[in-house]
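Peer 1: Residue numbers (this note's numbering): 74 to 167. Idealized CB from N, CA, C, for every residue including glycine. For clarity, every value in this text was computed on a predicted model and none was experimentally measured.
Put into structure tokens, the structure is as follows:
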């Protein structure tokens, strides 16, 4: 059985942001209309992120348009790692 669009998208989004996360695990009980992952931030806090047609939802509460904006809003360590990665890419261009 193939994975749902939301499962695949959440997996890709978290994989692309792995530099700023301690770990993440996708929940197998995802439906065709949503996918959920358990995410451990660099600060050690574990959260649940659900992706639906409405966007990325944090612990059943606030909704964000992108995984980046959600992570920036809740993790200063993620934002620092993101900035480091961006500067490294810029340095490699010069």
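#1: Just how far apart, CA to CA, sit residue 114 and residue 130?
#2: Only counting the same chain, and skipping five residues up and downstream in sequence, which positions put a Cβ closer than 7 Å to that of residue 98?
#3: Should residue 122 be labelled buried (16 or more other beta-carbon atoms within 10 Å of its own) or exposed?
#4: Return the Cβ separation of residue 77 and residue 108 in integer angstroms, given the expectation that the two are a contact with Cβ distance under 8 Å.
#5: Please tell me whether, using a cut-off of 6 Å, the distance from the CB of residue 113 to the nearest non-hydrogen atom of the ligand HEM is below it.
#6: Taking buried to mean at least 16 other C-beta atoms within 10 Å of its own C-beta, is residue 166 buried or exposed?
#7: Helix, strand or coil, according to DSSP, for residue 126 in the structure here?
#8: Are there 16 or more other CB atoms within 10 angstroms of the CB of residue 136, so buried, or fewer, so exposed?
Peer 2: The answer reads as follows:
#1: Counted from its first residue, the chain shown places residue 114 at position 41. Counted from its first residue, the chain shown places residue 130 at position 57. The alpha-carbon atoms of residue 114 and residue 130 are separated by roughly 16 Å.
#2: Stepping through the chain shown from its first residue, residue 98 is reached at position 25. Around residue 98: 110, 111.
#3: Taking the chain shown and counting its residues from 1, the one referred to as residue 122 is at position 49. The residue is buried, with at least 16 neighbouring Cβ atoms inside 10 Å.
#4: Along the chain shown, read from residue 1 onward, the residue named residue 77 stands at position 4. Along the chain shown, read from residue 1 onward, the residue named residue 108 stands at position 35. Right, the Cβ-Cβ distance comes to about 6 Å (below 8 Å), so this counts as a contact.
#5: Inclusion of the ligand HEM in the displayed structure is not the case, the ligand content being empty and no account of it being possible.
#6: The residue given as residue 166 occupies position 93 in the chain shown. Its Cβ having fewer than 16 others within 10 Å, residue 166 is exposed.
#7: Within the chain shown, residue 126 is the residue found at index 53, counting from 1. DSSP places residue 126 in coil when its eight states are reduced to three.
#8: Numbered from its first residue, the chain shown carries residue 136 at position 63. So residue 136 counts as exposed.
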